[in-house]
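Below is one structure; the comments refer to it alone.
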Amino acid sequence: QGGESETFAKRAIESLVKKLKEKKDELDSLITAITTNGAHPSKCVTIQRTLDGRLQVAGRKGFPHVIYARLWRWPDLHKNELKHVKYCQYAFDLKCDSVCVNPYHYERVVSPGIGNVCLFVAPSSMLVKDEYVHDYEGQPSLSSAEGHSVQTIQHPPSNRASTEPYSTPAMLAPAEASTTSTTNFPNIPSVNCLSSLAPEYWCSIAYFEMDVQVGETFKVPSSCPIVTVDGYVDPSGGDRFCLGQLSNVHRTEAIERARLHIGKGVQLECKGEGDVWVRCLSDHAVFVQSYYLDREAGRAPGDAVHKIYPSAYIKVALTRNLSRSGLSAAAGIGVDDLRRLCILRMSFVKGWGPDYPRQSIKETPCWIEIHLHRALQLLDEVLHTM
Numbered sequence: 001q002g003g004e005s006e007t008f009a010k011r012a013i014e015s016l017v018k019k020l021k022e023k024k025d026e027l028d029s030l031i032t033a034i035t036t037n038g039a040h041p042s043k044c045v046t047i048q049r050t051l052d053g054r055l056q057v058a059g060r061k062g063f064p065h066v067i068y069a070r071l072w073r074w075p076d077l078h079k080n081e082l083k084h085v086k087y088c089q090y091a092f093d094l095k096c097d098s099v100c101v102n103p104y105h106y107e108r109v110v111s112p113g114i115g116n117v118c119l120f121v122a123p124s125s126m127l128v129k130d131e132y133v134h135d136y137e138g139q140p141s142l143s144s145a146e147g148h149s150v151q152t153i154q155h156p157p158s159n160r161a162s163t164e165p166y167s168t169p170a171m172l173a174p175a176e177a178s179t180t181s182t183t184n185f186p187n188i189p190s191v192n193c194l195s196s197l198a199p200e201y202w203c204s205i206a207y208f209e210m211d212v213q214v215g216e217t218f219k220v221p222s223s224c225p226i227v228t229v230d231g232y233v234d235p236s237g238g239d240r241f242c243l244g245q246l247s248n249v250h251r252t253e254a255i256e257r258a259r260l261h262i263g264k265g266v267q268l269e270c271k272g273e274g275d276v277w278v279r280c281l282s283d284h285a286v287f288v289q290s291y292y293l294d295r296e297a298g299r300a301p302g303d304a305v306h307k308i309y310p311s312a313y314i315k316v317a318l319t320r321n322l323s324r325s326g327l328s329a330a331a332g333i334g335v336d337d338l339r340r341l342c343i344l345r346m347s348f349v350k351g352w353g354p355d356y357p358r359q360s361i362k363e364t365p366c367w368i369e370i371h372l373h374r375a376l377q378l379l380d381e382v383l384h385t386m
């Protein structure tokens with residue numbers, strides 16, 4: 001199927017057939033399952049589990065059951081969507097010495113539910129590019145990232161209602177848990193004692209294509225706590241910023257293609273004292289730079305890119321927590337760094353960072369920068385009280 005590059009698919013199949021050389025009955029079972037599209041019951045098709053659970057194919061590592069489920073069933077599959085069928089004896093999650101890779105021993109479970117999202121730090125094999133056709137062409141080898149903390153943190157949709165998605169370090173992958181306590185977010189004076197009036201506009205949104213701002217900055221009045229940013233061509237105003245109608249003489253074909261996939265875009269919601277939530281309405285993930293999410297994941301500020309999946313609803317900024325997530329004047333941090341706590345950046349469709357061909361958000365075709373006015377206002381007051 002079109003989701004994998006031909007070379008990768010060929011190598012993955014060769015690798016599996018070689019491993020099944022001594023297990024003719026399992027190979028026959030696999031062939032039957034694939035040729036009949038799972039119409040007939042088939043046995044487990046097993047390979048040896050590796051130390052870290054991942055399989056290396058053509059210089060890339062991935063979970064074996066995911067690789068073959070993508071290959072033969074769902075090219076756009078994400079790892080967290082797989083669930084094994086009851087009769088599978090060697091399913092990946094059962095942690096046996098052997099792993100079943102029969103694609104028809106797994107079901108795809110996509111939760112459209114919207115609620116507080118269950119967050120997790122993705123192992124490098126899960127850094128799936130969210131491109132339009134979900135293919136692997138041009139993806140850099142992930143093996144170079146071995147031994148380093150992974151930069152892309154995924155936020156799939158979930159029905160789980162938990163008020164503190166990262167309530168304990170145990171929710172992080174083992175390698176990450178130890179870093180949580182060492183990440184240094186010194187304090188700035190508390191903002192709780194400040195009581196200025198809310199600003200006229202709760203945020204302003206600038207739209208960029210690569211490193212060029214396109215169109216005017218869009219200001220969202222405090223009377224519109226929910227604003228939608230989408231790819232349609234309707235006139236913008238009030239609670240809706242339409243990117244489709246903005247023109248750019250330097251727009252390339254690649255940018256034009258990416259813009260077509262913004263679709264319903266995202267919804268930004270301002271709650272309470274200025275906390276900001278994002279709901280991804282698009283059919284494609286959005287990629288977010290948020291110091292609040294970095295801190296929640298136990299990361300250094302600016303150290304991660306957060307991939308927010310379609311239908312996910314997640315808090316991305318916490319104004320009343322400025323005192324905890326800020327950086328202290330005593331640490332000699334500049335005001336510019338403090339201001340970054342009050343700014344969100346979000347790319348549509350295309351990701352960036354070490355796991356993508358694009359190293360910076362300024363290399364992505366269409367992205368927005370959101371200035372949170374209430375947070376900036378409180379920060380100014382904090383700085384004046386120092």
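Sequential numbering from 1 applies to the sequence shown in UniProt numbering. Note that beta-carbon positions come from the ideal geometry of N, C-alpha and C, so glycine has one too.
*Assign SER360 to buried or exposed, taking buried as 16 or more other Cβ atoms, counted over all protein chains shown, within 10 Å of its Cβ.*
Sequence index remark: in the sequence shown, residue 360 carries index 360 (1-based). Under this definition SER360 is an exposed residue.
*For ILE215, which residues from the same chain have a beta carbon less than 7 Å from its beta carbon, with the 5 sequence-adjacent residues on both sides left out?*
Residue mapping note: residue 215 aligns to position 215 of the sequence shown, counting from 1. For clarity, residue 215 is Gly in the given sequence; the question names Ile instead. Taken in chain order, the residues that qualify are TYR207 and LEU246.
*Where does GLN48 land, buried or exposed, given buried means 16+ other C-beta within 10 angstroms?*
Residue mapping note: residue 48 aligns to position 48 of the sequence shown, counting from 1. Exposed is the call here.
*asked:* For LEU379 and ARG339, which I take to be in contact (beta-carbon distance under 8 Å), what is that distance rounded to the nearest angstrom?
replied: As a position in the sequence shown, residue 379 is number 379, starting the count at 1. As a position in the sequence shown, residue 339 is number 339, starting the count at 1. Between ARG339 and LEU379 the Cβ distance is about 7 Å, and since that is below 8 Å, they are a contact.
_Quick check on the burial criterion: 16 or more other C-beta atoms within 10 angstroms. Buried or exposed for ASP283?_
Stepping through the sequence shown from its first residue, residue 283 is reached at position 283. Exposed, by the Cβ-count rule.
*Going straight from the alpha carbon of GLU6 to that of THR217, what length do you get?*
Along the sequence shown, read from residue 1 onward, the residue named residue 6 stands at position 6. Along the sequence shown, read from residue 1 onward, the residue named residue 217 stands at position 217. Rounded to whole angstroms, GLU6 to THR217 spans 43 Å at the Cα level.
*Under 9 Å between the Cβ atoms of PRO41 and TYR87?*
Numbered from its first residue, the sequence shown carries residue 41 at position 41. Numbered from its first residue, the sequence shown carries residue 87 at position 87. Yes, Cβ-Cβ distance for PRO41 and TYR87 is below 9 Å.
*For SER222, collect the residues of the same chain with a Cβ closer than 7 Å to its Cβ; drop the 5 residues on either side in sequence, then sort them by chain order.*
Here residue 222 refers to the residue found at position 222 of the sequence shown. Cβ within range, chain order: ALA198, PRO199, GLU200, TYR201 and TRP202.
*If we ignore side chains and look at the alpha-carbon of each, how far apart do ARG251 and GLY237 end up?*
As a working mapping, residue 251 is identified with position 251 in the sequence shown. As a working mapping, residue 237 is identified with position 237 in the sequence shown. Taking the straight line from one Cα to the other gives about 24 Å.
*Taking the alpha carbon of ALA39 as the point to measure from, which residue in ARG70, ALA69 and TYR104 has its own alpha carbon closest?*
What you label residue 39 is simply residue 39 of the sequence shown in a count that begins at 1. When each option's Cα is compared against that of ALA39, the closest is TYR104.
*Who are the near neighbours of VAL109 in its chain, counting only those whose CB is closer than 8 Å to its CB and skipping five residues on each side?*
As a first step, residue 109 is located in the sequence shown; it is residue number 109 there, counting from the start. Same-chain partners within the cutoff: GLU81, LEU82 and LYS83.
*For ARG73, which option in ASP97, ASN102 and GLN267 has the closest C-alpha, if you only look at C-alpha atoms?*
Working through the sequence shown from its first residue, we reach residue 73 at position 73. ARG73 has its Cα closest to that of ASN102, out of ASP97, ASN102 and GLN267.
*Closest by CA to ARG259, which one among GLU209, LEU281, TYR292 and ARG240?*
Taking the first residue of the sequence shown as 1, we reach residue 259 at position 259. Answer by Cα proximity: GLU209.
*What residue ranges within the stretch 23–78 form continuous beta strand (DSSP E) runs of no fewer than 3 residues, ordered along the chain?*
46–48, 55–57 and 60–62
*With C-beta atoms as the reference, is LEU281 less than 9 Å away from ASP230?*
For this step, residue 281 is matched to residue 281 along the sequence shown. For this step, residue 230 is matched to residue 230 along the sequence shown. Result yes, Cβ atoms of LEU281 and ASP230 sit closer than 9 Å.
_GLU285 versus ILE308: straight-line alpha-carbon distance, rounded_ = Taking the first residue of the sequence shown as position 1, residue 285 is located at position 285. Taking the first residue of the sequence shown as position 1, residue 308 is located at position 308. Checking the sequence shown, residue 285 turns out to be Ala, not Glu. Roughly 5 Å separates the two Cα atoms.
*asked:* For ALA304 and THR152, what's the separation of their Cα atoms in angstroms?
replied: Within the sequence shown, the letter at position 304 stands for residue 304. Within the sequence shown, the letter at position 152 stands for residue 152. Answer to the nearest angstrom: the Cα atoms are 6 Å apart.
*asked:* Once DSSP output is grouped into helix, strand and coil, what is the label at VAL85?
replied: The residue you call residue 85 lines up with position 85 of the sequence shown. The answer is coil: DSSP assigns VAL85 none of H, G, I, E or B.
*Of all the options LEU27, PRO301 and ILE226, which has the alpha carbon lying nearest to the alpha carbon of CYS270?*
Numbered from its first residue, the sequence shown carries residue 270 at position 270. Among LEU27, PRO301 and ILE226, the Cα nearest to that of CYS270 is on ILE226.
_Quick check: the Cα distance between PRO157 and LEU344, rounded to an integer number of angstroms?_
If you number the sequence shown from 1, residue 157 lands on position 157. If you number the sequence shown from 1, residue 344 lands on position 344. Cα to Cα, PRO157 sits roughly 20 Å from LEU344.
*Starting from ARG108, trace the beta strand (DSSP E) both ways and give me its first and last residue.*
Counted from its first residue, the sequence shown places residue 108 at position 108. It spans 106–108 - the beta strand (DSSP E) in which ARG108 sits, taken as one unbroken run.
*By Cβ distance below 6 Å, which residues in the same chain neighbour ILE370 in space, the five residues on each side in sequence not counted?*
Walking along the sequence shown from the start, residue 370 turns up at place 370. The residues are CYS203, ILE205 and LEU344.
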